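Heads up, the thing below is written out as structure tokens.
Residue numbers (full-length UniProt numbering): 1 to 374.
Following this line, the structure appears as structure tokens:
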């Protein structure tokens, strides 16, 4: 990780920063990718934010102050993930205009938009439904699953062609960089996502929770592996609080599992701050939640895979399990509880917002042919 680059401009010494347009797949949830774009929206003063779909009530408030331009009508925004067969053509018809350069957040769609300006693509992951599709295909009907299998080669060609049109490709982690190389045959620069405390104040959830608990933050999808995280925490002797859309279906207080569903940032901050440990068992591309917990002084216990190899350092902000079994993860949970809050916060500061923004702005300036300052 490099030292921060100063962006303080001396009046008259540098050209103005280019007008930036943001693009993102769709704004219908409050995941890690959306949090990255929320940081951009707050810091970069974008001219607009172009996306396939927008549901203000289910994503971050930071977008309220931005000119969000959505292709799909808001009445259908909640159904966007069910539109998979049509999304390639919808994305290709989504135009990005009105700026000097575009900063694109993509997990499979936004890099396919039609740009009339240079654009830098920040890749959270190559499209999972094309390159790691098993978890997603199992959620489809048999007919749709068969259709996706047959059409995958053609869809991959279109996906790769769109990605190669980018002026710069950036990966959010070394894991994603390797996946980009495998999917597209190109090398990407790594710029870790911006990480900060999720809220300036902590507010307790409305329901009563145990005095001690482990927290799992994830939407209940296969690749998030929530069941393994819950099983491991229980084996380590801790009740579990699960946060994220769909987690309310796991709610079983009599079995020491508390599924809160989607919570506010202030409630998430409280949950991080009051947990004994945050548990990660997913195949994460980066692993943002463990660093958010680190900012609140809470250590992590995680499987030894994916982005967790970068976001967790043994003894600094938690521990990796020896392998991806519940017994090994339970042992890591026990060890992680001894890591102090000051050590966790010091590690999280290495992934701060300013460092991320400095790197991103430099890439945008190069793509736009200018050298303005943030």
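Note that the Cβ used here is the ideal one computed from N, Cα and C, for glycine as well.
Every value quoted in this text rests on a predicted model; they were computed, and no experiment measured them.
Start-to-end residues for the alpha helix (DSSP H) that takes in residue 62: To locate residue 62, count along the chain shown from 1; it is residue 62. Counting along the chain, residue 62 falls outside any alpha helix (DSSP H), and DSSP gives it neither H nor E.
Meets three-Cβ-pair contact criterion under 8 Å: the stretch 291-303 and the stretch 247-256: Verdict: no, contact absent.
Cut-off 6 Å between Cβ atoms - residues of its own chain near residue 189, not counting five sequence neighbours on either side: For this step, residue 189 is matched to residue 189 along the chain shown. Here the set comprises 170.
Best match in 44, 29 and 50 for proximity to residue 61 [C-alpha to C-alpha]: Position 61 of the chain shown, counted from the start, is the residue given in the question as residue 61. It is 29.
Cβ-based burial, residue 365 [other Cβ within 10 Å; buried from 16]: By one-based count along the chain shown, residue 365 stands at place 365. Classified as buried, residue 365 has 16 or more neighbouring CB atoms from the shown chains inside 10 Å of its CB.
Beta-carbon contacts of residue 73 that lie in its chain and below 8 Å, excluding the five residues immediately before and after: For the purposes of this step, residue 73 is taken as the residue at position 73 of the chain shown. Closer than 8 Å at Cβ, skipping near neighbours: no residue.
Residue 298 burial status per 10 Å Cβ neighbour count (16 or more: buried): On the chain shown, position 298 is the one that residue 298 refers to. Buried.
Strand pairing of residue 209, partner residues [DSSP]: Counting from one through the chain shown, the residue named residue 209 turns up at place 209. Partner(s): none; residue 209 has no beta bridge.
Exposed unless 16 or more other CB atoms sit within 10 angstroms - verdict on residue 349: Against the chain shown, residue 349 aligns to sequence position 349. Label assigned to residue 349: exposed.
Whole beta strand (DSSP E) elements within the stretch 94-118, 3-residue minimum: 101-106, all fully within the stretch 94-118.
Backbone secondary structure at residue 319 - three-state DSSP: What you label residue 319 is simply residue 319 of the chain shown in a count that begins at 1. Residue 319 falls in the strand class under three-state DSSP.
Same chain only: Cβ atoms within 7 Å of residue 363, ignoring 5 sequence neighbours per side: Here residue 363 refers to the residue found at position 363 when the chain shown is read from its first residue. Excluding residues within five positions, the ones whose Cβ falls inside 7 Å are 120, 168 and 170.
Nearest-angstrom Cα separation, counted from residue 359 out to residue 174: Translated into the one-based positions of the chain shown, residue 174 becomes position 174. Translated into the one-based positions of the chain shown, residue 359 becomes position 359. Inter-residue distance for residue 174 and residue 359 is about 16 Å (C-alpha atoms, whole angstroms).
Simplified DSSP state of residue 337, which is helix, strand or coil: Translated into positions along the chain shown, residue 337 becomes position 337. Here residue 337 carries a coil assignment [DSSP, helix/strand/coil].
Secondary structure of residue 169, DSSP reduced to three states: As a position in the chain shown, residue 169 is number 169, starting the count at 1. Three-state result, residue 169: strand.
Backbone secondary structure at residue 289 - three-state DSSP: Within the chain shown, numbered from 1, the residue matching residue 289 stands at position 289. Helix.
Chain-order list of residues whose beta-carbon lies under 6 Å from that of residue 110 (same chain, five-residue window excluded): As a position in the chain shown, residue 110 is number 110, starting the count at 1. If we look at residue 110 and ignore the five residues flanking it on each side, its Cβ neighbours are 23, 24, 25 and 104.
Burial state of residue 163 (16 or more Cβ within 10 Å): Counting from 1 along the chain shown, the entry for residue 163 is found at position 163. Buried, by the Cβ-count rule.
Simplified DSSP state of residue 407, which is helix, strand or coil: What the structure shows of the chain is the stretch from 1 to 374, and residue 407 is not part of that stretch, so it cannot be assessed.
Cut-off 7 Å between Cβ atoms - residues of its own chain near residue 125, not counting five sequence neighbours on either side: Residue numbering aside, residue 125 sits at position 125 when the chain shown is read from its first letter. Excluding positions up to five away in sequence, the list reads 107, 176, 179 and 285.
Whole-Å CB distance - residue 114 paired with residue 101, under 8 Å assumed: Reading the chain shown from its first residue, position 114 is the one you call residue 114. Reading the chain shown from its first residue, position 101 is the one you call residue 101. Rounded to whole angstroms, the Cβ separation of residue 114 and residue 101 is 15 Å, and the two are not in contact under 8 Å.
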